[in-house]
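Visitor: First the structure, then my questions, so here it is.
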Amino acid sequence: DPIGDGPIDLSEYYLSNTLLIFNRWGEKVFETENYQNDWEGDNLSDGTYFYILKCIGEHRTDVFKGSVMILRK
């Protein structure tokens, strides 16, 4: 699960990628092209969010889906 395993250089494996983050109501709260493991939750409230990470490679496209929980101090 690329989003939760710590820093991964996606450019090593893929030509480009798109990261989408949604809240529990399905509203998009974040989107970026060529994600570099630099999303820190912005100013979002505590809770569970869902991601779709679409990675485009030279010979195939992979789509990763999952959830991430934000817990602030």
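Here our numbering is used: the first residue of the sequence shown is -5, the next is one more, and so on.
Cβ atoms here follow ideal geometry from the backbone N, Cα and C, with glycine treated the same way.
Could you check if I64 is buried or exposed, using at least 16 other CB atoms within 10 Å of its CB as the buried criterion?
Guide: Indexing the sequence shown from 1 puts residue 64 at position 70. Classification of I64: exposed, given that the 10 Å Cβ count is below 16.
Visitor: Within a Cβ cutoff of 7 Å, which residues of the same chain sit near D36, ignoring the five residues on either side of it in sequence?
Guide: Against the sequence shown, residue 36 aligns to sequence position 42. The residues are F24.
Visitor: Buried or exposed: I50, going by 16 or more other Cβ atoms within 10 Å of its Cβ?
Guide: Taking the first residue of the sequence shown as 1, we reach residue 50 at position 56. So I50 ends up on the exposed side.
Visitor: If you measure between the beta carbons of N11 and K48, is that distance less than 8 Å?
Guide: In the sequence shown, counting from the first residue as 1, residue 11 sits at position 17. In the sequence shown, counting from the first residue as 1, residue 48 sits at position 54. Yes, Cβ-Cβ distance for N11 and K48 is below 8 Å.
Visitor: Let me check one thing: in DSSP terms, what residues is S39 bridge-paired to?
Guide: Within the sequence shown, residue 39 is the residue found at index 45, counting from 1. S39 is bridged by DSSP to nothing; it lacks a bridge partner.
Visitor: Quick check on DSSP: helix, strand or coil for L13?
Guide: Start at 1 with the first residue of the sequence shown, and residue 13 comes out as number 19. Reduced to three states, the DSSP call for L13 is strand.
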